[in-house]
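Here is the structure we will look at.
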Amino acid sequence: MKIFKSKHKLQKKILNIKNISFVPTMGGLHRGHISLIKKSKTFKGKILVSIFVNPKQFNEKKDFLSYPRNLKKDLIILKNLNVDFVYIPNVKNIFSFRAKNKIFLDKSSKKLCGQSRRGHFEGVLNVVNRFLEIIKPRYIFLGIKDFQQSYLINRHILKKKINTKVIHCKTIREKNGVACSTRNNRLNENQFKIASNVFKYLKTKKKLIQKKISNFKLLKIKKDLINLGVTKIDYVELYNVKTLKRPKNKREKFKIFIAFYLNKIRLIDNI
Ligand code: AMP
C-alpha cells in the first residue's frame with residue numbers, strides 16, 4: 004500500500020494506470036466504508052482510497068473541527084484490505100489549482116440537505132470534481148446512505164461527460180438498524196437506542212405507505228419522532244428515488260429521507 008500526500012507524486016505514480024477504482028472518504032473508517040472498498044475489489048484494476056475532511060462542505064466550523072478523525076486506525080484498516088493507494092491531501096493540495104470543469108449543481112441540490120446545510124453540496128462537488136481531475140478514475144464508489152450526494156455527483160459526472168462511472172453501494176447498518184456512520188462514535192447509549200427506534204419506526208411507516216401513499220402524514224410523523232426522543236428534525240420527506248420529487252402513487256419507487264439531531268449530533272438516513 005502506497006500513501007501519498009502530494010498530488011504530483013500521486014499523479015506520477017498512477018499516470019499509466021487505466022482502471023482505477025476510487026473510494027473517497029473523510030476517514031473515521033467503519034463497516035460502511037469497508038463495504039465500498041470490498042465492492043471495489045470485485046472490479047478489475049487498482050484501488051485508491053482518499054481520506055480528506057473537506058472544510059468546504061461543513062457549514063459550521065465547530066462541526067468541521069469536531070468531526071471524528073483517526074488516521075492511524077484508518078491506515079491499519081486500509082492495509083489489511085490490501086488497498087493499492089491512499090491519498091491524504093491537505094487543504095492546499097486540493098484547492099490550490101484551477102479545476103478544468105466547473106461544477107454542475109442539479110436543481111434538486113436545493114432540497115433536503117441542500118436546504119438545511121447551505122453551501123454543503125457546492126463544497127462536496129467542488130472537492131469531488133477536483134479529485135476526479137487528479138485521479139481520473141474508471142469507477143467511483145459511493146454509498147447511497149448519502150443518497151442525495153451520490154445522486155448529485157452522478158448528475159455532475161453525466162452533465163460534464165466525465166469518463167468515470169458511479170457505482171452506488173448499499174447502506175450498511177448496525178445490528179439495531181442504525182446506519183453505520185463516523186458520527187455514531189459520538190452517540191451515547193441512549194442516543195444510539197433512539198436512533199435505532201427512529202429507523203424501526205420509519206421502516207414500519209414505509210410499509211404502510213407502500214400500501215397506501217396517503218399514509219404519509221408529515222405532521223404526525225414529525226410528532227412521533229419527537230416523542231421517540233429526537234431533539235430536532237431538519238427534514239423528513241417522501242421522494243421518488245429517480246426524480247427526488249414527491250411520489251403520486253404507490254407504484255413509484257420511493258424512500259423516506261430524514262435528517263435529525265440527537266442533541267448536537269446530526270444523522271441522516273434513507274429507508
Ligand atoms: P464519508 O467518509 O462519510 O464521507 O463517506 C464516504 C463514503 O462512504 C460515501 O460514499 C458514503 O456514502 C459512504 N458511506 C458512509 N456510511 C455508509 C454506510 N453506512 N453504508 C454504506 N456506505 C456508507
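As numbered in my numbering, the sequence shown has no gaps in its residue numbers, which increase by one up to the final residue, 274. Heads up, the beta-carbon is just placed ideally off N, CA and C, and yes, glycines get one too.
Spatial distance of residue i from residue j (CA atoms)
i: K178; j: N19; result: 42 angstroms
i: V239; j: K41; result: 31 angstroms
i: V131; j: N83; result: 26 angstroms
i: F219; j: F88; result: 46 angstroms
i: I147; j: I54; result: 19 angstroms
i: L51; j: S24; result: 6 angstroms
i: V244; j: F257; result: 5 angstroms
i: N104; j: E125; result: 13 angstroms
i: I216; j: R254; result: 9 angstroms
i: R189; j: F263; result: 15 angstroms
i: I137; j: I97; result: 9 angstroms
i: N81; j: F7; result: A small fix is needed here, since residue 81 is Leu in this sequence, not Asn. Each residue's Cα considered, the two are about 13 angstroms apart.
i: R158; j: H36; result: 22 angstroms
i: L135; j: F67; result: 23 angstroms
i: N200; j: G180; result: 8 angstroms
i: V169; j: L32; result: 20 angstroms
i: Q194; j: Q14; result: 43 angstroms
i: K196; j: V86; result: 34 angstroms
Assigned secondary structure, residue i (DSSP; H/G/I helix, E/B strand, else coil)
i: G126; result: helix
i: P71; result: coil
i: H171; result: strand
i: K248; result: coil
i: V201; result: helix
i: R189; result: helix
i: N243; result: strand
i: F263; result: strand
i: D109; result: coil
i: D272; result: strand
i: K214; result: helix
i: G30; result: coil
i: F98; result: helix
i: S53; result: strand
i: F134; result: helix
Contact test: residue i Cβ vs ligand 1 heavy atom, cutoff 8 angstroms
i: L176; result: The displayed chain sequence assigns Arg, not Leu, to residue 176. Because some heavy atom of ligand 1 lies under 8 angstroms away, the Cβ of R176 counts as near it: yes.
i: Q151; result: no
i: G117; result: no
i: K148; result: yes
i: F61; result: no
i: H123; result: no
i: S43; result: no
i: R133; result: no
i: M29; result: yes
i: T167; result: no
i: G35; result: yes
i: T185; result: yes
i: L39; result: yes
i: A182; result: yes
i: F144; result: yes
i: V26; result: yes
i: K206; result: no
i: K76; result: no
i: K173; result: yes
Contacts around residue i, its chain only, beta-carbon distance under 7 angstroms, and the 5 residues preceding and following it disregarded
i: N62; result: R120, R121, G122, H123
i: F100; result: none
Neighbourhood of residue i by C-beta distance below 6 angstroms, restricted to the same chain and skipping five residues each side
i: K209; result: I259, I274
i: Q60; result: H123, G126, V127
i: N70; result: According to the sequence shown, residue 70 is Tyr rather than Asn. V56, listed in sequence order.
i: S43; result: S24, V26, I50, F144
i: K10; result: N96, I137
Sequence-distant residues of its chain with Cβ nearer than 8 angstroms to residue i (five each side left out)
i: L74; result: G30, I54, I91
i: V204; result: The sequence shown places Tyr at residue 204, not Val. D227, L228, L231.
9 angstroms Cβ cutoff, residue i in contact with chain C
i: G48; result: No chain C is present in this structure, which holds just one protein chain.
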